[in-house]
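Novice: In UniProt numbering, the protein residues as written are 1 to 342.
Sharing a structure here in structure tokens format.
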Amino acid sequence: MGLHLPDGGHLTHGFQTKSKRISATSIFFESIPYYLDRGTELIDYDALQRDAHNVFPKIIIAGTTAYPRLLDYKRFRQICDSVGAVLLADMAHISGLVAAKVVPSPFDYADVVSSTTHKTLRGPRSGVIFYRKRERSTEKSDVNCCIPTDQLETRINNAVFPGLQGGPHENAIAAVAAMAFEASRPEFHDYSRQILSNAQALANALTSHGIRLVTGGTDIHFVLVDLSNSPGKPKLSRGDGARVQMVADLVGIVLNKNTVLGDSSAQQPSGLRLGTPALTTRGFKEKDFEKVASFIDELLDLTVMVKSISSKSLFFFELFISKICGPQYYSILMFSKNLKII
């Protein structure tokens, strides 16, 4: 079981559509999603527990890609224990924050923890897997786990090699080691705290511009904007995340379109995901992110202007902005120039 993709889950956590199984986790395994509460936009742990007792999954994944709140690992552990499931915590997006001890760690509760190394850890493109080697000292499961703890090491090692990999890349291993050393330094911990502080500043500033954030804010390093329901931007509507991303590319802003609750298409979603780590690395502080929020506000207005004079079709919108002319082109150039000033 994994969090549903439109609700903030990752496509590698078992996502599938009615007509297609998307990744290996849904192609080779039977996967069942769990969901957010439609009212709070938070993970519905009660519903997850009910569904788990109906299907008795072998593994539950506690991990997200576009969920701006902390996970309740203790509750995940309780649910897994009640059905005999392995708890896999995928901390790919927050591993740097976990290493810096600025957000709760999954290690006390999970059987297996996985992470990429190139996101908040600022390392090379790689991945790491941690597994429990002995039973947890806390309460036992209500149901015997489908994979005993003493088998995790053998199964994972055999799956990595020879199951999936050939020769190791020593250069990547050395880079991961350098990354781990950097993450242990006090400077990295200070940097991680600044990431969170900047994320709060960005969230508050965007909200002040009438831009709605999913769950109303963030606990981690990014915010998720809902363009379909932003009071300050009534002319933006469902599916406009793709249009904003196209215009952002033209003016030099790196962000990504993202699904939010109610979206039916990942190609034309209604959300935007904005993170603070990269600009924090460049030395940005809270005041700087207030300026960033004002640029995002201008970006949305610019998208509305271009949308008003172009086709409703996303294809023709992209064609239009790639060959745009007249005062609209001037506006885009000026906006881009203002960005480069800072």
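Quick reminder that beta carbons are idealized off the backbone N, C-alpha and C, glycines included.
Which whole-angstrom value is the C-beta distance of VAL244 and LEU261, which I expect to be below 8 Å?
Specialist: To locate residue 244, count along the sequence shown from 1; it is residue 244. To locate residue 261, count along the sequence shown from 1; it is residue 261. At roughly 18 Å, the Cβ-Cβ gap does not stay under 8 Å, so VAL244 and LEU261 are not in contact.
Novice: Pairing CB atoms from the stretch 263-271 with CB atoms from the stretch 181-194, are three or more of them under 8 Å?
Specialist: Using a Cβ-Cβ distance cut-off of 8 Å, the stretch 263-271 and the stretch 181-194 are not in contact, since fewer than three pairs of beta carbons, one from each stretch, lie closer than that value.
Novice: For ALA154 and PHE161, what's the separation of their Cα atoms in angstroms?
Specialist: One-based indexing of the sequence shown puts residue 154 at position 154. One-based indexing of the sequence shown puts residue 161 at position 161. Reading off the sequence, residue 154 comes out as Thr, not Ala. Cα to Cα, the separation comes out at about 11 Å.
Novice: Could you spell out where the beta strand (DSSP E) holding ILE211 opens and where it closes?
Specialist: By 1-based counting over the sequence shown, the position of residue 211 is 211. In the DSSP assignment, ILE211 falls outside any beta strand (DSSP E) and carries neither an H nor an E.
Novice: Hey, could you find the ends of the beta strand (DSSP E) THR116 is sitting in?
Specialist: Locating residue 116 in the sequence shown gives position 116, counting from the first residue. From DSSP, the beta strand (DSSP E) with THR116 extends over 112-116.
Novice: Can you tell which of ASP297, SER115, SER197 has the C-alpha that lies nearest to the C-alpha of SER230?
Specialist: Your numbering for residue 230 matches position 230 in the sequence shown. Ranking the options by Cα distance to SER230, first place goes to ASP297.
Novice: Select from THR25, LYS101, ASP90 the residue whose C-alpha is nearest the C-alpha of VAL128.
Specialist: Locating residue 128 in the sequence shown gives position 128, counting from the first residue. Cα-wise, what sits closest to VAL128 is ASP90.
Novice: Alpha carbon to alpha carbon, how far is ARG77 from ILE332? Give it in angstroms, no decimals.
Specialist: Counted from its first residue, the sequence shown places residue 332 at position 332. Counted from its first residue, the sequence shown places residue 77 at position 77. If I take the Cα positions, the gap works out to 50 Å.
Novice: Taking DSSP as the reference, what is the three-state secondary structure of LYS287?
Specialist: Translated into positions along the sequence shown, residue 287 becomes position 287. LYS287 falls in the helix class under three-state DSSP.
Novice: Do the CB positions of LYS257 and GLY241 come within less than 7 Å of each other?
Specialist: Along the sequence shown, one-based indexing puts residue 257 at 257. Along the sequence shown, one-based indexing puts residue 241 at 241. Closer than 7 Å, so yes.
Novice: For ALA52 versus SER126, is the C-beta distance shorter than 7 Å?
Specialist: As a position in the sequence shown, residue 52 is number 52, starting the count at 1. As a position in the sequence shown, residue 126 is number 126, starting the count at 1. No, Cβ-Cβ distance for ALA52 and SER126 is not below 7 Å.
Novice: By the DSSP assignment, the beta strand (DSSP E) with ARG273 in it spans what residues?
Specialist: The count along the sequence shown starts at 1 and reaches residue 273 at position 273. Per DSSP, the continuous beta strand (DSSP E) segment holding ARG273 begins and ends at 271-275.
Novice: Find the nearest neighbour of THR149 within the set LEU164, ALA174, ARG132, judged by alpha-carbon distance.
Specialist: On the sequence shown, residue 149 is found 149 positions in, with the first residue counted as 1. Ranking the options by Cα distance to THR149, first place goes to ARG132.
Novice: Does DSSP classify ASP37 as helix, strand or coil?
Specialist: What you label residue 37 is simply residue 37 of the sequence shown in a count that begins at 1. Here DSSP, grouped into helix, strand and coil, assigns ASP37 to coil.
Novice: Would you please state the rounded distance, in angstroms, between the beta carbons of GLY271 and THR259? I believe it to be under 8 Å.
Specialist: Walking along the sequence shown from the start, residue 271 turns up at place 271. Walking along the sequence shown from the start, residue 259 turns up at place 259. Indeed they touch by this definition, with Cβ atoms about 6 Å apart.
Novice: Could you give the distance in angstroms between the alpha-carbon of ILE321 and the alpha-carbon of VAL247?
Specialist: Along the sequence shown, read from residue 1 onward, the residue named residue 321 stands at position 321. Along the sequence shown, read from residue 1 onward, the residue named residue 247 stands at position 247. C-alpha separation (whole angstroms): 8 Å.
Novice: Indicate whether LEU11 and TYR34 have their beta-carbon atoms separated by less than 7 Å.
Specialist: For this step, residue 11 is matched to residue 11 along the sequence shown. For this step, residue 34 is matched to residue 34 along the sequence shown. Cβ distance not < 7 Å, so LEU11 and TYR34 don't count as in contact.
Novice: Ends of the alpha helix (DSSP H) at LEU48?
Specialist: The residue you call residue 48 lines up with position 48 of the sequence shown. Where LEU48 is concerned, the enclosing alpha helix (DSSP H) stretches over 45-55.
Novice: Which word fits GLU135, buried or exposed, when buried means at least 16 other C-beta atoms lie within 10 angstroms of its C-beta?
Specialist: Position 135 of the sequence shown, counted from the first residue, corresponds to residue 135. It counts as exposed.
Novice: Considering only DSSP beta bridges, list what VAL103 is partnered with.
Specialist: Here residue 103 refers to the residue found at position 103 when the sequence shown is read from its first residue. Residue pairing from DSSP leaves VAL103 without any beta-bridge partner.
Novice: Round the Cβ separation of LEU97 and HIS221 to the nearest angstrom and send it over; I've been treating them as touching at under 8 Å.
Specialist: Sequence index remark: in the sequence shown, residue 97 carries index 97 (1-based). Sequence index remark: in the sequence shown, residue 221 carries index 221 (1-based). Indeed, because the Cβ distance is near 6 Å, the residues count as touching under 8 Å.
Novice: What separation, rounded to the nearest whole angstrom, lies between the Cα atoms of TYR217 and ALA205?
Specialist: Your numbering for residue 217 matches position 217 in the sequence shown. Your numbering for residue 205 matches position 205 in the sequence shown. A small fix is needed here, since residue 217 is Gly in this sequence, not Tyr. GLY217 and ALA205: Cα-Cα distance of roughly 11 Å.
Novice: Would you mind working out which of LEU339, GLY239, ALA100 sits nearest VAL251, comparing C-alpha positions?
Specialist: The residue labelled residue 251 in the question sits at position 251 within the sequence shown. The option with the nearest alpha carbon to VAL251 is LEU339.
Novice: For the alpha helix (DSSP H) containing LEU314, name the first residue and the last one.
Specialist: The residue given as residue 314 occupies position 314 in the sequence shown. Run containing LEU314: 314-322, per the alpha helix (DSSP H) assignment.
Novice: With DSSP collapsed to three states, give me the class of PHE130.
Specialist: Counted from its first residue, the sequence shown places residue 130 at position 130. The answer is strand: DSSP assigns PHE130 an E or B state.
Novice: Can you list, in chain order, the residues of its chain whose CB lies under 6 Å from that of ILE195, leaving out five sequence neighbours each side?
Specialist: On the sequence shown, position 195 is the one that residue 195 refers to. Excluding residues within five positions, the ones whose Cβ falls inside 6 Å are HIS221, THR276, PRO277, THR280.
Novice: For the alpha helix (DSSP H) that ASN229 lies in, which residues bound it at each end?
Specialist: For the purposes of this step, residue 229 is identified with residue 229 of the sequence shown, where counting begins at 1. First-last for ASN229: undefined, no H or E at that position.
Novice: Counting along the chain, where does the beta strand (DSSP E) carrying ASP90 start and finish?
Specialist: The count along the sequence shown starts at 1 and reaches residue 90 at position 90. Where ASP90 is concerned, the enclosing beta strand (DSSP E) stretches over 86-90.
Novice: Given 8 Å as the limit, is there contact between the stretch 283-290 and the stretch 21-33, that is, 3 or more CB pairs closer than that?
Specialist: no
Novice: If you draw a straight line from the alpha carbon of ALA106 to that of GLY163, how long is it in whole angstroms?
Specialist: Within the sequence shown, the letter at position 106 stands for residue 106. Within the sequence shown, the letter at position 163 stands for residue 163. A quick correction: the sequence has Pro, not Ala, at residue 106. So the two alpha carbons sit approximately 26 Å from each other.
Novice: Could you check the C-alpha separation between THR120 and ILE94 for me, to the nearest Å?
Specialist: Position 120 of the sequence shown, counting from 1, holds the residue named residue 120. Position 94 of the sequence shown, counting from 1, holds the residue named residue 94. Approximately 6 Å, taken between the alpha carbons.
Novice: Among ASN158, ILE61, VAL103, GLN151, which has the Cα closest to the Cα of ALA110?
Specialist: Reading the sequence shown from its first residue, position 110 is the one you call residue 110. Closest option to ALA110, Cα to Cα, is ILE61.
Novice: Could you check if SER308 is buried or exposed, using at least 16 other CB atoms within 10 Å of its CB as the buried criterion?
Specialist: Within the sequence shown, the letter at position 308 stands for residue 308. It counts as exposed.
Novice: So, helix, strand or coil for GLY63, using DSSP?
Specialist: Sequence index remark: in the sequence shown, residue 63 carries index 63 (1-based). Correct three-state label for GLY63: strand.
Novice: Quick one: grab the DSSP three-state call for residue 404.
Specialist: This structure leaves residue 404 out entirely; the chain is present only between 1 and 342.
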